[in-house]
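Undergrad: Heads up: the protein sequence lines correspond to chains A and B, in order.
Residues 1 to 191 in this note's numbering are what the first sequence lists, from first letter to last.
Residues 1001 to 1531 in this note's numbering are what the second sequence lists, from first letter to last.
Cβ coordinates follow ideal geometry from the N, Cα and C atoms, glycine included.
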Amino acid sequence: MKKDIILAGVGGQGILTIATIIGDAATVAGLNLKQAEVHGMSQRGGDVQSNLRLSTETIYSDLIKEGAADLIISMEPMEALRYLSYLNAEGWIVTSSHPFKNIPNYPEEEALNAELGSLPHVASLPIEDVAKDNNMPKSANVILLGMAAKYIGILSPGQLRESIARVFASKGEAIVEMNLKAFDLGLNAVK
Amino acid sequence: MIERKLLLGDEAVALGAVDAGISGVYAYPGTPSTEITEFIQTHAPHVRSRWCTNEKTAMEAALGMSYAGKRALVCMKHVGMNVAADAFVNSAITGVNGGLVVLAADDPSMHSSQNEQDSRFYGKFAMIPILEPSTQQEAYDMMTYAFQLSEEKKLPVLMRVVTRLAHSRAGVVISERKAENELNPDNERTHWVLLPGNARRQYAGLVEKQPSLLESSEQSPFSKTVSVEGKAALGVIACGIAYNYVMENTPSELGIPVLKVSQYPLPESAIKDFASGCDSILVAEDGQPLVEEQVKGLLGGDYIVKGRLTGDLPRMGELTPDNVGAALGVKLDRPYCSAQNVMPRPPALCQGCGHRDVYNALNEVAKEYVDARIFGDIGCYTLGALPPFRAIDSCVDMGASITMAKGAADAGVHPAIAVIGDSTFTHSGMTGLLDAVNDKANITVVISDNLTTAMTGGQDSAGTNKFEAICLALGVEPEHVHVVVPLPKNMEEITRIIRQELEYDGVSVIIPRRECIQTLGRKLRKKKAEQ
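1) Select from the region 1319–1340 of chain B all residues with a C-beta closer than 8 Å to any C-beta belonging to chain A, and list them in chain order.
2) By the 7 Å beta-carbon criterion, what residues does the region 71–94 of chain A contribute toward chain B?
3) Kindly list, in the order they appear in chain B, the residues whose Cβ is closer than 9 Å to that of A/Pro137.
4) If contact means a Cβ-Cβ distance below 9 Å, which residues of the region 1146–1177 of chain B contact chain A?
5) Can you give the Cα-Cα distance for A/Ile152 and A/Ala80, rounded to whole angstroms?
6) List in chain order: all unbroken alpha helix (DSSP H) runs of 4+ residues lying wholly within the region 1241–1327 of chain B.
7) Could you check where the beta strand (DSSP E) with B/Thr1519 kicks off and where it finishes?
8) Put A/Met136 into one of helix, strand or coil per three-state DSSP.
9) By the three-class DSSP mapping on this structure, what secondary structure does B/Ser1448 have?
10) Do you know offhand how far A/Glu162's Cα is from B/Asn1249's?
11) What is the C-beta distance between B/Asp1106 and B/Gly1287, in whole angstroms, given that I count them as a contact (C-beta under 8 Å)?
12) I'd like the span of the beta strand (DSSP E) that includes B/Met1081, first residue to last.
13) Counting only Cβ-Cβ distances shorter than 8 Å, please list the residues of the region 1346–1360 of chain B near chain A, keeping chain order.
14) Between B/Lys1331, B/Ser1168, B/Thr1135 and B/Ser1252, which has its C-alpha nearest B/Ser1223's C-alpha?
15) Thinking B/Ile1378 and B/Ile1402 are a contact (beta carbons under 8 Å), I'd like their distance in whole angstroms, please.
16) With distances taken Cα to Cα, identify the nearest neighbour of B/Lys1077 among B/Val1083, B/Ser1033, B/Pro1478 and B/Ala1087.
17) Hey, is B/Leu1008's beta-carbon within less than 9 Å of any beta-carbon in chain A?
18) Output needed in chain order: residues of the region 109–123 of chain A with a Cβ under 7 Å from some Cβ in chain B.
19) Let's see if you can read the secondary structure: which residues bound the alpha helix (DSSP H) around B/Met1142?
20) For B/Ile1128, which of B/Val1172, B/Gly1197 and B/Pro1211 has the nearest alpha-carbon?
21) With a 10 Å radius around its C-beta and 16 neighbouring C-beta atoms as the bar for buried, classify B/Asn1187 as buried or exposed.
22) For B/Asn1115, decide whether its Cβ has a neighbour in chain A, counting only Cβ atoms nearer than 9 Å.
23) Checking the sheet assignment: what are the DSSP bridge partners for B/Gly1205?
24) Please state the DSSP three-state secondary structure of B/Gly1407.
25) Mind checking which residues open and close the alpha helix (DSSP H) that includes B/Arg1496?
26) Against chain B, with Cβ distances strictly below 9 Å, would A/Tyr151 count as a contact?
27) By DSSP, does B/Ile1511 sit in helix, in strand, or in coil?
28) Taking a cut of 9 Å between CB atoms, which residues from the region 56–72 of chain A lie near chain B?
29) Verify the CB distance criterion: does B/Val1342 have a CB-CB separation below 9 Å to chain A?
30) Run the CB neighbour count on B/Val1485, radius 10 Å, all protein chains shown included, and call it buried at 16 or more, exposed below.
31) What does A/Pro107 reach in chain B if we use C-beta pairs closer than 9 Å?
32) Determine the chain C residues that contact B/Leu1100 at a beta-carbon separation under 8 Å, and present them in chain order.
33) Step through the CB atoms of chain A and report whether any lies within less than 9 Å of the CB of B/Leu1259.
34) Does the beta carbon of B/Pro1032 come closer than 9 Å to any beta carbon on chain A?
35) Just to check my reading of the structure: A/Ile154 and A/Ala182 have Cβ atoms closer than 8 Å, yes? What is that Cβ distance to the nearest angstrom?
36) Since B/Glu1248 meets chain A, which of its residues come closer than 8 Å, beta carbon to beta carbon?
Structure follows, in structure tokens:
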């Protein structure tokens, strides 16, 4: 069994935290894992992605082949579309619907939403609004992880919850509780 | 096995070196190598690990530690090898005492670099062993092997990684930590004093060692062959990380045997043996076609050798499982085409960054001069080349802003302005400034000081709090050294000083100084958390 995931977003949006949580859960579960990250220049407000590969078998490549990704998890709708050619036929896109416009030629939102809407397997949510409404503005990325948990499969939502507790443990119980709540908000939103 | 850890390739290198018993790591930050030294600083405080001023000082300090009998690691990005090259090449002539490993992190596809030079050429040039891991586990295991090899052959060893290994995480099985070497300086001066008489003897010794280096490559524990039944139409020689991309395409199912190469000089017998079982060879290597050229020579004119030179793989850019798959004849299965509504999102200077105010001021003054040229340098502020600033006319290598401005001014360009960051200035700008002062060049140098090495994530900057003193000591006249605070409210003062110094016929230095907002934010958050 394998699960190839592309995490996408804009530098600073917190996709590496999502990767850390999934990575921790996979390690504890004894799965093989490879996770290619982007460091350096792109982190300054540019597009960033991470290839996260989980498998019960040996994983060779750090990069996912085109047409092979099972899941795209994106903090931003245009960034979700950037990796469309990597998605396999049954693959899902789980994305924030909130555009991050730091370029002058950002596409028309209507056209962008129409293209996303034309795809068969998309779950989207204005995660930043949900985060604000629930007084957890810094946990939008964990809400997104909760949404994606339904499609990750190779790890259960329970295993991911345990990882959230471990990853945020050093920041105190209140932060752990807030992120667990964020995760559950995302998880319940796609049921 | 002691335990299994999830590590970045860079972290695996770092922990491998620490567990191999290093006493020091010497480095200047550079993507994708920075995390190696950062990891050692955080997790192995017993190892000497302060950031160096540049890659050359790092290489020399490591050689000094090796001279003293202890194990040392030097880390840099590929272009850092150019800076360290003098010391690097000559360290093969002196040889080593304690083990010495040079880690070069190459950046094929130039994710964060100005070229994609392949550091394996440097290893071949210096005639020393080269190791090229394909996985995080190998990166870890190879460190112990590399230090043993270095001490056995009495030579520095080059380890080459690429961005995709350096910045990718995987589980790594950790072994026991070896104790550090005792202090034991080398008393054989003829090895270390490279007067021509000694150097010729040492070089002859290096040449004599070559067959034993080749033998070591032939026996390398990191090489392997994946065989198929009978004679194959195509076989693949896969170097370093390319092995992963080949294996991802299940070559055994395609009847394609694979020879994995992880150590150089190139194992010639192994390659000839392997090639004798195939009708043709594809060389898969990330970077430049070093092995492909050598294999062509080795197998003779009639043998078909494919690779980057023949167009079977792209001539430039990093390898991927897709372009390697195409070279193996694997059909791409892509249910979705690329999306329509996607625009490039280039990186940009952070909102609130002091470099923004510097460029706003420079642009305002520069538009008053038709012929103004602004020579840029390497760092976050290179992003001043992009909209909305479009402020710089060049960016070539560390320190080139000052020296190119001088050369252009010598040729008659006026005003010639250099923009350089604080860390880049101490890395390679100071010597150029001395040239400019000695020749009374008509240039204005802006040292945009954000008190850190920002582009690579906020490492200490070697010259912090010393810039005025350095400039004065190099001979810049005190009345032409100015410090300003780059904030919108100070724009009038800053532009006035720039105007004034552009009109001065000689070397002026303006130092806009304000802390990087990323490091400042981190400090404030830490302080808040501690309260």
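TA: Let me lay it out:
1) Thr1320, Pro1321, Asp1322, Gly1325, Leu1332, Asp1333, Arg1334, Pro1335, Tyr1336, Cys1337, Ser1338, Ala1339 and Gln1340
2) Met78, Leu81, Arg82, Leu84, Ser85, Leu87, Asn88 and Ala89
3) Going along chain B, no residue has its Cβ under 9 Å from A/Pro137, so there is no contact; the nearest lies around 15 Å.
4) Thr1163, Arg1164, Leu1165, Ala1166, His1167, Ser1168, Arg1169, Ala1170 and Gly1171
5) 16 Å
6) 1242–1248, 1268–1276, 1290–1299 and 1321–1327
7) First-last for B/Thr1519: Ile1517 to Glu1530, but that is the alpha helix (DSSP H), not the beta strand (DSSP E).
8) coil
9) strand
10) 35 Å
11) 6 Å
12) Note, B/Met1081: premise wrong, no beta strand (DSSP E); alpha helix (DSSP H) at Gly1080 to Thr1094.
13) Pro1346, Pro1347, Ala1348, Leu1349 and Cys1350
14) B/Thr1135
15) At roughly 12 Å, the Cβ-Cβ gap does not stay under 8 Å, so B/Ile1378 and B/Ile1402 are not in contact.
16) B/Ser1033
17) yes
18) Ala111, Leu112 and Glu115
19) Gln1136 to Lys1153
20) B/Pro1211
21) exposed
22) no
23) In DSSP, B/Gly1205 forms no bridge with anything.
24) helix
25) Met1491 to Leu1502
26) no
27) strand
28) Thr58, Ile59, Tyr60, Ser61, Asp62, Leu63, Ile64, Lys65, Glu66, Gly67 and Ala68
29) yes
30) exposed
31) Gln1340, Asn1341, Val1342 and Met1343
32) You won't find chain C in this structure, because its protein chains are A and B.
33) no
34) yes
35) The pair is not a contact, with the Cβ atoms about 22 Å apart (cut-off 8 Å).
36) Tyr60, Ser61 and Lys65
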